[in-house]
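Q:
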Amino acid sequence: NAGVTQTPKFRVLKTGQSMTLLCAQDMNHEYMYWYRQDPGMGLRLIHYSVGEGTTAKGEVPDGYNVSRLKKQNFLLGLESAAPSQTSVYFCASTAGRFGEQYFGPGTRLTVT
Amino acid sequence: GEDVEQSLFLSVREGDSSVINCTYTDSSSTYLYWYKQEPGAGLQLLTYIFSNMDMKQDQRLTVLLNKKDKHLSLRIADTQTGDSAIYFCAERESGSARQLTFGSGTQLTVLP
Chain A
75 NAGVTQTPKF RVLKTGQSMT LLCAQDMNHE YMYWYRQDPG MGLRLIHYSV
125 GEGTTAKGEV PDGYNVSRLK KQNFLLGLES AAPSQTSVYF CASTAGRFGE
175 QYFGPGTRLT VT
Chain B
-9 GEDVEQSLFL SVREGDSSVI NCTYTDSSST YLYWYKQEPG AGLQLLTYIF
41 SNMDMKQDQR LTVLLNKKDK HLSLRIADTQ TGDSAIYFCA ERESGSARQL
91 TFGSGTQLTV LP
């Protein structure tokens, strides 16, 4: 099992450009999450999904959109990137009875 | 909303025990977790504890939970240089989406 994978690993965008981050999991998990990690702020939840075809907003959803068309994939989109979106983005999934989340390796995004 | 607090830094000597502390505010938390993040990597689940337990031991790791004071700690026995990392405490929110709230992380440095 690959677990949770994320593509790309690194990306540099100019202000106003758009991009999509892909998260894939092969554990048949129902729940998937997108977080951003900024220095000294821990992880903050952007959007999440409790099943195929469903999405919901987290703590910091503004400027991002998501889609969960297939159970194994969760996409995070930035329609018009801003420097404030420079961050490390992590995807996670869970189906665990104990709620433990499994994380991908992250995508480091820089917006100039 | 829910809040999780951790001290930012901890330094210990190799071979000593490390104790990382965490406080949380959600009295209805069902599970609490400890994650480890090494440089440039995603978060790795170390252990978790159910809220009706006081203690959980797993090899060199001991988790203590004081539910009355909403205080969680992670003790690492015989700390090694490979334990140097950022450690995150997280609580599972009450609700069906299995969302986690993370602390800001404690940077553990193990000195030779």
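So the protein sequences, as listed, match chains A and B. Residue 75 is where the first sequence starts when you use the working numbering, and the numbers rise one by one after that. Residue -9 is where the second sequence starts when you use the working numbering, and the numbers rise one by one after that. Positions of the beta carbon are idealized from the N, C-alpha and C atoms, including for glycine. Since the structure is predicted, the reported quantities are computational estimates derived from the model, not experimental observations.
1) Give me the Cα-Cα distance between A/PHE172 and B/PRO102, rounded to the nearest whole angstrom.
2) Give a yes or no on whether the C-beta atoms belonging to A/LEU183 and A/THR94 are separated by under 7 Å.
3) Per DSSP, what kind of secondary structure is B/TYR72 in: helix, strand or coil?
4) Counting contacts by CB-CB distance shorter than 7 Å, is B/ALA75 in contact with chain A?
5) Compare the beta carbon distance of A/GLY116 and B/GLY32 with 7 Å and say whether it is the shorter of the two.
6) Counting only Cβ pairs nearer than 8 Å, list the residues of chain A close to B/GLN89.
7) Can you check which of these residues, B/LEU0, B/PHE92, B/VAL(-6), B/GLU4, is closest to B/ASP68 by C-alpha distance?
8) Reducing DSSP to helix, strand and coil, say where A/GLN175 ends up.
9) The beta strand (DSSP E) with A/TYR167 in it runs from where to where?
10) Please decide whether A/GLU174 counts as near chain B, where near means a Cβ-Cβ distance under 7 Å.
A: A quick look at the data gives this:
1) Start at 1 with the first residue of the first sequence, and residue 172 of chain A comes out as number 98. Start at 1 with the first residue of the second sequence, and residue 102 of chain B comes out as number 112. Going by the C-alpha atoms only, they are around 36 Å apart.
2) Residue numbering aside, residue 183 of chain A sits at position 109 when the first sequence is read from its first letter. Residue numbering aside, residue 94 of chain A sits at position 20 when the first sequence is read from its first letter. No; because the gap between Cβ atoms is not below 7 Å, this pair is not in contact.
3) The residue you call residue 72 of chain B lines up with position 82 of the second sequence. Note that residue 72 of chain B corresponds to Gly in the displayed sequence, not to Tyr. It is helical.
4) The sequence position of residue 75 of chain B within the second sequence is 85, counting from 1. Not closer than 7 Å to any Cβ of chain A, the Cβ of B/ALA75 fails to qualify, so no.
5) Along the first sequence, one-based indexing puts residue 116 of chain A at 42. Along the second sequence, one-based indexing puts residue 32 of chain B at 42. Going by C-beta atoms, A/GLY116 is not nearer than 7 Å to B/GLY32.
6) The sequence position of residue 89 of chain B within the second sequence is 99, counting from 1. Neighbours of B/GLN89 on chain A, chain order: TYR107, LEU119, TYR122, GLY132.
7) By one-based count along the second sequence, residue 68 of chain B stands at place 78. That would be B/GLU4, whose Cα lies nearest to the Cα of B/ASP68.
8) Counting from one through the first sequence, the residue named residue 175 of chain A turns up at place 101. Of the three classes helix, strand and coil, the one that applies to A/GLN175 here is coil, per DSSP.
9) Translated into positions along the first sequence, residue 167 of chain A becomes position 93. In the sequence as presented, Tyr is not what sits at residue 167 of chain A; that position holds Ser. Segment 161 to 168, the beta strand (DSSP E) holding A/SER167.
10) Sequence index remark: in the first sequence, residue 174 of chain A carries index 100 (1-based). Yes, its Cβ sits closer than 7 Å to a Cβ of chain B.
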